[in-house]
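So the numbering used here is basically just the index in the sequence shown, starting at one, shifted up by 18.
Positions of the beta carbon are idealized from the N, C-alpha and C atoms, including for glycine.
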Amino acid sequence: MRVHIATDHAAFELKNYLVEQLTRAGHDVVDHGADTYDAVDDYPVFIIPCAEAVAEENGIGIVLGGSGNGEQIAANKVRGIRAALAYNSELARLAREHNDANIISLGGRMQSLENAWEMVDVFINTPFSGDERHQRRIDQITERESQS
């Protein structure tokens, strides 16, 4: 599976760890940066191109920052993106299963590297349930998005 990933300085170590884990698991990883640690970089510079690539490919992605909040917000500004902030594996699973989220947002300062990998692994390996009630809600969100 192709997986897009991006971060700012606040989760630089986590991004590098996840790229390694994803590659080891056989995924094709597209790293949208940051490529070097810069303590004053701005997350939208990396997150928005990552989200655009996910939307263009109808793919899957990971966005990272200190808390993951701003990164989730930035990703969700891209038409076609449903980015979900997760802080445990259950939320990661539900984001895919119920919301057909295509991006997971994690905070580099919020959990261990291993816990982050567990959430990412659950997220990318959980399919959307396809239940009518969940699809109906996603369709309502998509309809609103198309009006803006």
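6 Å Cβ shell around I156 - same chain, five flanking residues per side excluded: D118
Selected residue, minimal CA-CA separation from Q39, among I78, F146, P145, A134: Nearest to Q39 by C-alpha distance, out of I78, F146, P145, A134, is A134.
Distance between H152 and I121 (C-alpha atoms, nearest Å): Here the alpha carbons of H152 and I121 stand approximately 17 Å from one another.
Beta carbon of T25 nearer than 7 Å to that of K33: yes
Short Cβ contact (7 Å threshold) for G79 with C68: yes
Cross-strand partners of Y20 (DSSP beta bridge): First, the amino acid is wrong: residue 20 is Arg here, not Tyr. DSSP output for R20 lists D46 as bridge partner(s).
N- and C-terminal bounds of the alpha helix (DSSP H) containing S107: 107-115
Environment of A57 [buried if 16+ CB atoms lie within 10 Å]: exposed
Distance cut-off 6 Å: I23 Cβ against heavy atoms of the ligand COA: Ligands in the displayed structure: none, and consequently the ligand COA is not present.
Reference L124; option with closest CA among H116, D149, D139: D139
Rounded straight-line distance, which links the Cα of D46 to that of T160: 28 Å
Cross-strand partners of T25 (DSSP beta bridge): L82
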